[in-house]
């Protein structure tokens, strides 16, 4: 009964089927039938012309995008708890050639226009201090909170005023959409997002993520950077096929809704213990070491989130029984 | 009837089955059951203790290894036609932080100890010139030739004398082994190889390659560099499972033998036209534009290798009929 | 009457004389008579065998040292207000190839062993988080405070326990020595410092700083990195001669004492306004915009250090009259 | 009697005087009176608006320029014997973040438009091969040959057609001008040069070189990169003053003429032994080891340029007696 991470869940059967269906001779790299359909399929989904690239990790998607948006000698503003800061082993510096992350505060890993403006204002405009070039936000955040389209648009507006680019780490964007019901376009390019890491692996994919460029002028550079970073797979059709399968009949949204529903159920059972409102598929709880141990003893698996805190993550495939059992167990603690 | 590239071929059914069998909840990254078996399985195969890492591309395997073997301010000696020089978009410089490739000559993309020694001798030992740190050889080479164990050992011996590390790009090492029947250990660590990129994708794999460290002291660094380069997949079990499937019952060797046999058949049909002896699974031919056009007109697909030259690559799954037809067509040109 | 920066002051006449005396034909780079005396002269000064390199900026000295002490994929712990973080345009990331600065808090830009230990403890020991490799402290700090030998030794001891290297930015180390009277050796290598940027330019030099390695095994790497960064000057003798002139008869110490004495005089006049105790040659004061404007109106030049704060820096050559005038003006505000 | 390198020569007295004259308090970095005059002085010299930066080495000038002209994932075409390839410790890769040098052949280290075009044509236009971004030529070359304005213009024209930038390493541009009498503008920006490293140190300077941007839109980026590389000196006035002294009354040209005249005298004495025509201030001779030893025995110092070859370099300050003696000695060999 595992609530440790959505990365631990299996891939959706339709994803596996798509891989099997792609198992025939075709052109290498991204010249195959599936890869060539990606731009169109994702342009349709986002209701604007995009350039889309499959990659195998969110880190690759994030950092290829950031490398195009930020030169080596400038900085990216992000939350102190952003995945790019705490969980990517310094990959942003590697891909950009040394760009700096400027760390902002904000409840639940969300950043506000005010925090961004303050951070920019604190930087002297001279050659001694590193000047900002981009903002990166995560939606849903590392604490399962979501930005609304209006919130993203406020950041996008500020970015434009300050001459900054805007990147969105959408490892769990599907969950954000499933939560608010807002339109993908409103949450992204209409709100000023220039590049998006659109996550599928945590949401029932196998090993394909999508890097989406709304500023398509960066596409050629990204294509080269992807190859140079060893992220251009020779049999790319197996990645493209996964993404197309996730888009078919909105499987991405269906999976995210399932995961969110589980999180809501757990959140309701733990209402008194919640560290953050439950919006996407993550639930952060206060729990004493003793309480945590009791849950573990009952066979539940989760992440120890520091002193007195635990993290539960719901996956697309969570079994109703296990969820009910965990909800009941939490309620009884 | 495609002889364009072994990258275009499908994955072997047993590889797909292994992916399906791995499609259950397990620990993320490389903490899963399959990933944890890799070191052991590859140590058995190589008859020595190794540390093994799955990655998704040969470029990643090559360049992660080179980054551990060569600091940013030194150089790697390789053939002028090496994949790392001509087909990886400058990835060695990206991963190493700017190390230089020193390009050597040699027939059929093979380099000799003498060429290596000459290149080293030509470098003044001072801070103005970039000092060498490593040698990288490709076996089988980009022209389908192979190094014997003795040939590798001669290079390994020289490397030791000169204080250089030795990397082998084994994108088609399976084909080299299938050609000579030599032992994997004799071709690698016993001959002085420090790190090996062991290719599976061109040989019936789907998207998993293995980076093998014979100098296991680099393992921790490689693990960090892999993550930092976005090459630590969250659902790593699907990669590990592929590799294990390729090792089971020596599927890797069986596939390579099949591809080599096809190449031999084509090579015999084209004996008068061969640019290089046929050893692994590649056949390089002299063919006038008119001759090439005739083959294309008959439905055969291959790589135009510059003026008057074509490249045929045999895959593990080549159909006997198509091979016979191409052999006959070449013989009749 | 300038108290803006010690960088604005002229060079000491003996430094200029040394340059003139070096103006004859000699070997290029650092093969000349003066450069070859540096290791010995600085080994004598520090009472241990060191390897010494002239460079032209503190940024170069700091970042060449950090590049040797920290690989691209690890981090350097320093104060949030450290020069390497706020005033070097991201040079540490450039020279190291992307190493991260982890920013610590601490009064007056000093960091404590406790702050270092806490920062280390907060880093999960896995490949997802950037692991620390080095500590960098500034003595005297960016706020003119000094570390005693015991304080440095406590940090050095912790560094050893944690497997971290220790770098000291000594842009104003001379002022720290002049303040405490402690021995250079006690403040550096005996306290566990591995590499030191020993500043001369702010202290009456013209354009030569010294990078001192107490861990001499890094010398060859540093020599290469210096060249590769364009910091190996062809007529190096003019830099070496400057450094030797600063060492002769302890000119470095004499200059620092003069600057410190000026700072003390200003500090006493401004005792009620001091933001930090005056230890080295910097004086930070509370001053309303109106007060600051009055001082400016009287012809005094200084750095506006944010709302309600000003910074005065004393140079080696400050005229007694101007100092008395400023002290009187402050006292009367 | 040293003919080893023009880097070994002393600085011209007027350069030293200028340094002494700058030895008064002024603004740090490049806000001082001298630095602020550079753009104007060099714009006048080149008869067009330029942006000029002092740096301390040719390596820094070359590589800062190349970093602005070439992204990390593209390449720079240069001669196999170019200083940036053989004598800068890999600095181009360091400053650019991994750009590749593509090495061209050509007599006397000169490259031709045909060689450039061939090299470009040999690069497949795809993401697997590194695409070119810039050309770098050296004038005078590493073998003392010069490009005429027409020759540079032919390369500049090709660069424009191919979408490439053009950099000139002018470490000895003064000697090229002194040789041909051509106009600086005709040899540089009118011929399509985008950025120029204008050397002074080999020509009587002390430690200041000039980086000249004809494409002034790169100036802000260069200013940041200079700081980030540790090349923004705090007391920049001493560098600017050197450059201004070299420009005053065309001292740069006078010095270059003197050095060239010495080279011509030596070249005439060695007419039968010349490996290259003598154009700038370098003379390459055939000389057996025995002959070389005889010259050495007579007190002449020079560079052993490989088997049977020696290099003599004339400096601005060479004594007529020594020159006559060497000329006579060579003639008598």
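Chains as they are written, first to last, in this note's numbering: chain A, 1 to 333; chain B, 1001 to 1333; chain C, 2001 to 2333; chain D, 3001 to 3333. Here a beta-carbon is modelled for each residue, glycine too, at the ideal position from N, C-alpha and C.
Can you check which of these residues, the options, is closest to residue i by C-alpha distance?
i, options, result
"residue 1142 of chain B", "B:1333, B:1327, B:1305", "B:1305"
"residue 2274 of chain C", "C:2057, C:2069, C:2108", "C:2108"
"residue 1022 of chain B", "A:13, A:266, A:21", "A:13"
"residue 3213 of chain D", "D:3040, D:3159, D:3246", "D:3040"
"residue 3056 of chain D", "D:3307, D:3236, D:3208, D:3082", "D:3208"
"residue 2144 of chain C", "C:2083, C:2072, C:2077", "C:2083"
"residue 2251 of chain C", "C:2330, C:2322, C:2178, C:2111", "C:2178"
"residue 2098 of chain C", "C:2242, C:2130, C:2264", "C:2130"
"residue 1076 of chain B", "B:1253, B:1123, B:1011", "B:1123"
"residue 1024 of chain B", "A:27, A:11, A:20", "A:11"
"residue 3181 of chain D", "D:3063, D:3157, D:3291, D:3146", "D:3146"
"residue 2111 of chain C", "C:2268, C:2078, C:2132, C:2267", "C:2078"
"residue 3126 of chain D", "A:268, A:221, A:314", "A:221"
Could you have a look at residue i and say whether DSSP puts it in helix, strand or coil?
i, result
"residue 2298 of chain C", "coil"
"residue 2276 of chain C", "coil"
"residue 3315 of chain D", "coil"
"residue 3094 of chain D", "helix"
"residue 78 of chain A", "strand"
"residue 3163 of chain D", "coil"
"residue 3169 of chain D", "strand"
"residue 3303 of chain D", "strand"
"residue 3132 of chain D", "strand"
"residue 1051 of chain B", "strand"
Thinking C-beta only, is residue j closer than 7 angstroms to residue i?
i, j, result
"residue 2096 of chain C", "residue 2068 of chain C", "no"
"residue 3134 of chain D", "residue 3164 of chain D", "yes"
"residue 1317 of chain B", "residue 1009 of chain B", "yes"
"residue 3203 of chain D", "residue 3280 of chain D", "no"
"residue 2061 of chain C", "residue 2197 of chain C", "yes"
"residue 2260 of chain C", "residue 2175 of chain C", "yes"
"residue 3278 of chain D", "residue 3312 of chain D", "no"
"residue 3230 of chain D", "residue 2091 of chain C", "yes"
"residue 2210 of chain C", "residue 2243 of chain C", "yes"
"residue 2334 of chain C", "residue 2323 of chain C", "Because chain C spans 2001 through 2333 in this model, residue 2334 of chain C falls outside it and cannot be assessed."
"residue 1340 of chain B", "residue 1199 of chain B", "The requested residue 1340 of chain B is not part of the displayed model; chain B covers only 1001 to 1333."
"residue 3128 of chain D", "residue 1115 of chain B", "no"
Count the other CB atoms, across all protein chains shown, that sit within 10 Å of the CB of residue i; report buried if there are 16 or more and exposed otherwise.
i, result
"residue 2059 of chain C", "buried"
"residue 296 of chain A", "exposed"
"residue 298 of chain A", "exposed"
"residue 3293 of chain D", "exposed"
"residue 3117 of chain D", "exposed"
"residue 3377 of chain D", "Outside the shown range of chain D, which is 3001 to 3333, sits residue 3377 of chain D, and nothing can be said about it."
"residue 2031 of chain C", "exposed"
"residue 2065 of chain C", "buried"
"residue 3081 of chain D", "buried"
"residue 2248 of chain C", "exposed"
### Query
the stretch 214-232 of chain A: which residues have C-beta closer than 9 angstroms to a C-beta of chain D, in chain order?
220, 221, 223, 224, 225, 226, 227, 228, 232
### Proximal residues, the stretch 2041-2074 of chain C versus chain B, C-beta separation under 7 angstroms
2072, 2073
### Task
Below 8 angstroms between beta carbons is the criterion; list the residues of the stretch 18-39 of chain A that meet it against any residue of chain B, in chain order.
19, 20, 23, 24, 25, 26, 27, 28, 29
### Query
Can you list, in chain order, the residues of the stretch 2091-2109 of chain C whose Cβ is nearer than 7 angstroms to any Cβ on chain B?
2097
### Task
With 9 angstroms as the C-beta to C-beta threshold (strictly closer), list the residues of the stretch 1272-1295 of chain B near chain A in chain order.
none
### Task
Mind checking the stretch 1159-1182 of chain B against chain D and listing, in chain order, the residues whose C-beta falls within less than 8 angstroms of any C-beta there?
none
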